[in-house]
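The structure appears right after this line, and notes come after that.
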Amino acid sequence: MKFVRQILAAAVIVMLFSGFAFSQQTGDYRSAATGNWGDAATWETFDGASWVAASSAPTGTETITVDGEDTVKVDVVVSITGYVKVVETGIIEVTAGSLAFADGSTYEHARDGGNVPTSTWEMGSTALYTGITGSTPGNRGQDYYNLTL
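Spelled out as structure tokens, the structure:
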């Protein structure tokens, strides 16, 4: 019986602390409003305690989330080496710029429907589809390097 309690206690501790591995990190970005990628007003950054207005747009090396009903328009040349995640009804739309996912980068389409942004998928990049419950995303017929469904 003592062994069972120890196992249960260990399981509870692991569950409590596992959330920290997937939580925000200082320097992460998330969309704050609909706007252009290159405009700092489109973004918020995590300062280690809370989300604050960004002083600059993300460079592409960070973990970046587009969420809510925000549409982020790629109006500059962006090369992603970090992690980009689109959730809820968020949208990334390539307009006047270009979007490339470089070696080691990941794009996660974690929402139902929507569109995958028109992008260049370089060697070592990954596109990950999660959160699809009813409607597959549009614009998914691209030449991916790694595709995880």
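For the sequence shown, the numbering used here begins at 1151 and goes up steadily by one. Every residue, glycine too, gets a C-beta built ideally from N, C-alpha and C.
{"Asked": "Identity of the residues DSSP links to ALA1207 by a beta bridge", "Found": "Per DSSP, none; premise fails for ALA1207."}
{"Asked": "Pairwise C-alpha distance: GLY1177 and ALA1277", "Found": "22 Å"}
{"Asked": "Within 8 Å, strictly: CB atoms of ASP1220 and GLY1247", "Found": "no"}
{"Asked": "Coarse secondary structure for THR1245, derived from DSSP in three states", "Found": "coil"}
{"Asked": "ASN1289, buried or exposed, once every other Cβ within 10 Å from all chains shown has been counted against 16", "Found": "exposed"}
{"Asked": "GLU1194 - partner residues in DSSP beta bridges", "Found": "ARG1180 and ALA1203"}
{"Asked": "Cβ distance (whole Å) where ASP1217 is taken to contact THR1245 below 8 Å", "Found": "Not quite, the Cβ-Cβ distance comes to about 20 Å (not below 8 Å), so this is no contact."}
{"Asked": "Close Cβ partners of THR1280 (< 8 Å) along its chain, the five nearest in sequence each way excluded", "Found": "GLU1258, HIS1259 and ALA1260"}
{"Asked": "Given SER1269 as reference, the closest of THR1286, VAL1236 and GLU1243 once Cα atoms are compared", "Found": "GLU1243"}
{"Asked": "ASP1262 versus THR1215 - alpha carbon distance", "Found": "15 Å"}
{"Asked": "Own chain partners of ILE1282 with C-beta closer than 6 Å, once the 5 adjacent residues on each side are dropped", "Found": "ASP1262"}
{"Asked": "Span separating the alpha-carbon of ARG1180 from that of ASP1189", "Found": "13 Å"}
{"Asked": "Inter-residue spacing [alpha-carbon to alpha-carbon] between THR1192 and VAL1222", "Found": "7 Å"}
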